[in-house]
Amino acid sequence: MFQIYFRRLLLSTALVLPMSAMAQDAALILGNERYEQLDRVNRADDLLAATDRLETLGFDVASRANGRVDAVKDLAAAFQVQAGDAERLVVALSGHFVTDGTRTWLLTAEATEPDLFTVDDSALSLDSVLRILGARPGKAVLLLGAADPDDLDMDDGGLRAGVGDMVIPQGVAVLRTTPAIAATTLSGVLTEPEATIGLQLAANPSMFSSGFLPMDW
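Residue numbers are given in the numbering used here: position 69 of the sequence shown equals residue 692, and the series is strictly consecutive.
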């Protein structure tokens with residue numbers, strides 16, 4: 624099931640449609656490896672190596688490495704505009720994540736250890752990202768490369784390091800793993816023509832998938 628879904632997700636349209644039609648897909652890639660005040664997240668910005676491969680498949684890609692909050696939110700806003708006319712959506716995020724248990728944020732480059740009242744000043748809300756992805760049920764993927772939660776020394780501010788139990792909209796596929804595996808997955812099986820994607824992801828014990836995984840695209 625997974626194999627058929629992802630093959631059609633990233634490949635079949637690119638193989639048969641003209642370039643004008645291929646441009647109607649959107650991707651957002653944010654890899655935060657180097658933080659100004661937090662521990663480095665090794666290989667988080669390797670996500671951006673997949674940009675050319677996604678563009679070849681017909682995606683308009685908004686991407687940035689080590690972005691501060693204003694730049695990151697500008698890119699997210701641009702992605703939201705592109706998503707309005709897109710057929711397929713892919714978002715790949717890697718770096719330090721924090722959560723209150725249900726809501727989750729990706730920390731931007733200038734972040735320290737935020738609390739509930741300051742987190743939006745230096746982070747991107749995954750709830751907002753999922754809201755955009757939820758507008759394309761069956762045609763949206765969120766890939767997360769999360770740093771080791773032990774790398775953040777969080778005070779008692781209502782947040783903890785890591786990814787929480789997100790409410791995933793119907794029709795959105797969510798993949799969670801390490802930054803290194805997220806990068807190799809995005810540059811590898813997710814953008815490799817005729818790959819046995821479902822089998823390879825299912826065989827990877829470091830990849831956790833959730834959400835709705837339809838049979839076809």
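Ideal placement from N, C-alpha and C gives every residue a C-beta, glycine not left out.
Next item on the list: In the DSSP assignment, find the beta strand (DSSP E) that holds residue 799 and state where it starts and stops.
Entry: Numbered from 1 along the sequence shown, position 176 holds the residue referred to as residue 799. Element bounds for residue 799: 795-800.
Item checked: Contact set for residue 832: own chain, Cβ-Cβ below 6 Å, skip 5 residues either direction -> The residue labelled residue 832 in the question sits at position 209 within the sequence shown. The residues are 798.
Check: Which parts of the segment 706-757 are runs of the alpha helix (DSSP H), unbroken and 4 residues or longer, counting only runs that do not cross its ends?
Finding: 749-756
Check: Whose C-beta lies closer than 6 Å to the C-beta of residue 805 among residues of the same chain, with five residues either side of it excluded?
Finding: Within the sequence shown, residue 805 is the residue found at index 182, counting from 1. Correct list, in chain order: 717, 766, 768.
Note to self: For residue 605, which residues in the same chain have their Cβ closer than 6 Å to its Cβ, ignoring the five residues on either side in sequence?
What the structure shows: Given a span of 624 to 840 for the chain in the structure shown, any question on residue 605 remains unanswerable.
Check: Comparing alpha-carbon positions, which option in 727, 757, 720 lies nearest residue 707?
Finding: Residue numbering aside, residue 707 sits at position 84 when the sequence shown is read from its first letter. Among 727, 757, 720, the Cα nearest to that of residue 707 belongs to 757.
Check: Can you tell me whether residue 656 is buried or exposed, with buried defined as 16 or more other CB within 10 angstroms of its CB?
Finding: Stepping through the sequence shown from its first residue, residue 656 is reached at position 33. Burial call: buried.
Next item on the list: Under 8 Å by Cβ, that's how I've got residue 692 and residue 731 pegged, so tell me the actual separation to the nearest angstrom.
Entry: Counting from one through the sequence shown, the residue named residue 692 turns up at place 69. Counting from one through the sequence shown, the residue named residue 731 turns up at place 108. Yes, they are in contact, since the Cβ atoms of residue 692 and residue 731 sit about 4 Å apart, within 8 Å.
Note to self: Taking 7 Å as the limit between beta carbons, can you name the residues of its chain near residue 786, skipping five residues before and five after?
What the structure shows: By 1-based counting over the sequence shown, the position of residue 786 is 163. Taken in chain order, the residues that qualify are 720, 722, 727, 767, 769, 799.
Check: Assuming residue 698 and residue 687 make a contact with CB atoms under 8 Å, what is their CB distance in whole Å?
Finding: Position 75 of the sequence shown, counted from the start, is the residue given in the question as residue 698. Position 64 of the sequence shown, counted from the start, is the residue given in the question as residue 687. Yes, they are in contact, since the Cβ atoms of residue 698 and residue 687 sit about 6 Å apart, within 8 Å.
Margin query: With H, G and I counted as helix, E and B as strand and the rest as coil, what does DSSP make of residue 829?
Written below: For this step, residue 829 is matched to residue 206 along the sequence shown. Of the three classes helix, strand and coil, the one that applies to residue 829 here is coil, per DSSP.
Item checked: Candidates 751, 709, 703, of which the one nearest residue 725 by Cα -> Within the sequence shown, residue 725 is the residue found at index 102, counting from 1. Closest by alpha carbon: 751.
Next item on the list: Taking residue 677 as part of the alpha helix (DSSP H), name the residues at either end of that continuous run.
Entry: Locating residue 677 in the sequence shown gives position 54, where the first residue counts as 1. Taken as a continuous stretch (DSSP letters only), the alpha helix (DSSP H) holding residue 677 covers 674-679.
Note to self: Judging by CA-CA distance, which residue of 792, 777, 649 is the nearest neighbour of residue 704?
What the structure shows: Taking the first residue of the sequence shown as position 1, residue 704 is located at position 81. Here the closest residue by C-alpha is 649.
Checklist line | Best match in 713, 790, 811 for proximity to residue 763 [C-alpha to C-alpha] | finding: In the sequence shown, counting from the first residue as 1, residue 763 sits at position 140. Ranking the options by Cα distance to residue 763, first place goes to 713.
Checklist line | DSSP-derived helix/strand/coil call for residue 670 | finding: Taking the first residue of the sequence shown as position 1, residue 670 is located at position 47. In the structure shown, residue 670 sits in a helix (DSSP, three-state: H, G or I).
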